[in-house]
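Asker: Below is a structure I'd like to ask you about.
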Ligand code: GLY
């Protein structure tokens, strides 16, 4: 069960977000409308939502997920792997502190961590080693979580930006997995829902209190999720996809 969500309104500079997608620049107005629809979807999920103001100095700042790991017992302020994103944490820290007054932790150099690389499965956290999250950072996360009785392990990834680009845990043992993650032994104990390459973007969904919010336009994935019995809400994220963003990146859920 999640009680809290934190999001940030996209800034106009979003059009200059980091990207490897090669599918054009985002349309800011459209991105704003899509973000509003995302908030509306979350509003149906019985959670308290904090919406932070846009931060023009940080084109990727709408992707708040990368700046903090919010667990049941502590929050870890990350040290984002992309230089242009590193200072985003200054603008999330105070908000996180409101929810975690006595249990805030930090990643320090030379560690780098984007929390988009961290997937929670119960009290265990999988940490993807990526272009953004390095071994030092991952080891710090493991040690910090251990202090609070939580466990974590490292997963390698090669082909996608973040671990959760290709994986989403939907609770109840169900894991959506695309591409390189489908046959990873680390996840073989879970019920793997395979997402075909032509719908790989839809492997990034979010579970929020028994609803699954997923991107629009992926009918086969939608059918597979529906078969599992979840109520589905679709949200168009086409403008965020243009800067390598997905549904999970746009919120912190805890
Ligand atoms: N554009 C999203 C990111 O690179 O983090």
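Numbering (the numbering used here), first residue to last: 33 to 286. Note that beta-carbon positions come from the ideal geometry of N, C-alpha and C, so glycine has one too.
Hey, would you say residue 282 sits closer than 8 Å to residue 96, going by beta carbons?
Answerer: Looking up residue 282 in the chain shown gives position 250. Looking up residue 96 in the chain shown gives position 64. It is a contact, given that the beta carbons lie within the stated cut-off.
Asker: Below 7 Å, is the gap between the Cβ of residue 286 and the nearest heavy atom of the ligand GLY?
Answerer: Within the chain shown, the letter at position 254 stands for residue 286. Answer for residue 286: no, Cβ out of range of the ligand GLY.
Asker: Could you tell me the alpha carbon to alpha carbon distance between residue 224 and residue 187, rounded to whole angstroms?
Answerer: One-based indexing of the chain shown puts residue 224 at position 192. One-based indexing of the chain shown puts residue 187 at position 155. Their Cα atoms are separated by approximately 16 Å.
Asker: Check this for me: beta carbons of residue 244 and residue 257, under 8 Å apart or not?
Answerer: The sequence position of residue 244 within the chain shown is 212, counting from 1. The sequence position of residue 257 within the chain shown is 225, counting from 1. Result yes, Cβ atoms of residue 244 and residue 257 sit closer than 8 Å.
Asker: Are there any heavy atoms of the ligand GLY lying less than 7 Å away from the beta-carbon of residue 55, as far as the coordinates show?
Answerer: Residue 55 sits at position 23 when you count from the first residue of the chain shown. Answer for residue 55: no, Cβ out of range of the ligand GLY.
Asker: Assign residue 251 to one of three DSSP states: helix, strand, or coil.
Answerer: By one-based count along the chain shown, residue 251 stands at place 219. It is helical.
Asker: Below 8 Å, can you find three or more Cβ-Cβ pairs linking the segment 86 to 93 to the segment 113 to 133?
Answerer: Segments in contact, yes.
Asker: Leaving out five residues on either side along the sequence, give the residues of the same chain with a beta carbon under 7 Å from the beta carbon of residue 59.
Answerer: One-based indexing of the chain shown puts residue 59 at position 27. So the list reads 271, once near-sequence residues are dropped.
Asker: Comparing alpha-carbon positions, which option in 123, 254, 111 lies nearest residue 41?
Answerer: Translated into positions along the chain shown, residue 41 becomes position 9. Out of 123, 254, 111, 123 has the C-alpha closest to the C-alpha of residue 41.
Asker: If you drop the 5 nearest sequence neighbours on each side, which residues of the same chain put their C-beta closer than 8 Å to that of residue 79?
Answerer: The count along the chain shown starts at 1 and reaches residue 79 at position 47. Contacts found: 34, 35, 36, 37, 240, 241, 285.
Asker: With distances taken from CA atoms, which of 204, 232, 112 is nearest residue 210?
Answerer: As a working mapping, residue 210 is identified with position 178 in the chain shown. Among 204, 232, 112, the Cα nearest to that of residue 210 belongs to 232.
Asker: Could you check where the alpha helix (DSSP H) with residue 127 kicks off and where it finishes?
Answerer: As a working note, residue 127 is residue 95 in the chain shown. It spans 125 to 131 - the alpha helix (DSSP H) in which residue 127 sits, taken as one unbroken run.
Asker: If you draw a straight line from the C-alpha of residue 109 to the C-alpha of residue 167, how long is it?
Answerer: Position 77 of the chain shown, counting from 1, holds the residue named residue 109. Position 135 of the chain shown, counting from 1, holds the residue named residue 167. Each residue's Cα considered, the two are about 17 Å apart.
Asker: For residue 92, is the beta carbon positioned less than 7 Å from some heavy atom of the ligand GLY?
Answerer: Within the chain shown, residue 92 is the residue found at index 60, counting from 1. Under cutoff, so the answer is yes.
Asker: For residue 82, which residues from the same chain have a beta carbon less than 8 Å from its beta carbon, with the 5 sequence-adjacent residues on both sides left out?
Answerer: Start at 1 with the first residue of the chain shown, and residue 82 comes out as number 50. Hits under 8 Å: 36, 37, 38, 39, 127.
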